[in-house]
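Residue numbers (full-length UniProt numbering): 1 to 137.
Note that the Cβ used here is the ideal one computed from N, Cα and C, for glycine as well.
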């Protein structure tokens, strides 16, 4: 299939598919050049792109993605190694979640303060004093 057909099927842009090819995420199993130099994508390209999208959806970087796909292609990891990798990825995401929760908490306090500032400046000032006192502990 041609690149536009693949892009349409996968909900990707042509540029994204070319980028994956340039980065080595798609190889000669997935794409071949015809005599007119057009790319011709195999059905395996669809499965590969689904795999790429799955790993991107769990926050894999391009470097991680390359490693995961190389290991997948070479069947280089034992089930225990894969389980360890999954556990590590979970910890990484849980840590990020905690950071985001803290950011949201701070933003909520800022919003509450700014809203109070319009309605009850005295109460807003008290809130600010309480906030500063608790953050210096």
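- Item | Rounded C-alpha distance that separates residue 56 from residue 95 | Whole-angstrom Cα-Cα distance: 18 Å.
- Task: Under the assumption that residue 45 contacts residue 68 (Cβ atoms under 8 Å), give the Cβ distance between them as a whole number of angstroms.
- Result: 17 Å between Cβ atoms; not a contact.
- Task: Pick helix, strand or coil for residue 29, following the three-state DSSP scheme.
- Result: Looking at residue 29 - three-state DSSP - the assignment turns out to be coil, as it is neither helix nor strand.
- Query: Do you know how far the Cα of residue 27 is from the Cα of residue 12?
  - Reply: Approximately 18 Å, taken between the alpha carbons.
- Query: Helix, strand or coil: which one does DSSP assign to residue 40?
  - Reply: Of the three classes helix, strand and coil, the one that applies to residue 40 here is strand, per DSSP.
- Tell whether a beta-carbon distance below 8 Å holds between residue 6 and residue 38. No, Cβ-Cβ distance for residue 6 and residue 38 is not below 8 Å.
- Per-residue DSSP class, three states only, for residue 78: Coil at residue 78, not helix or strand.
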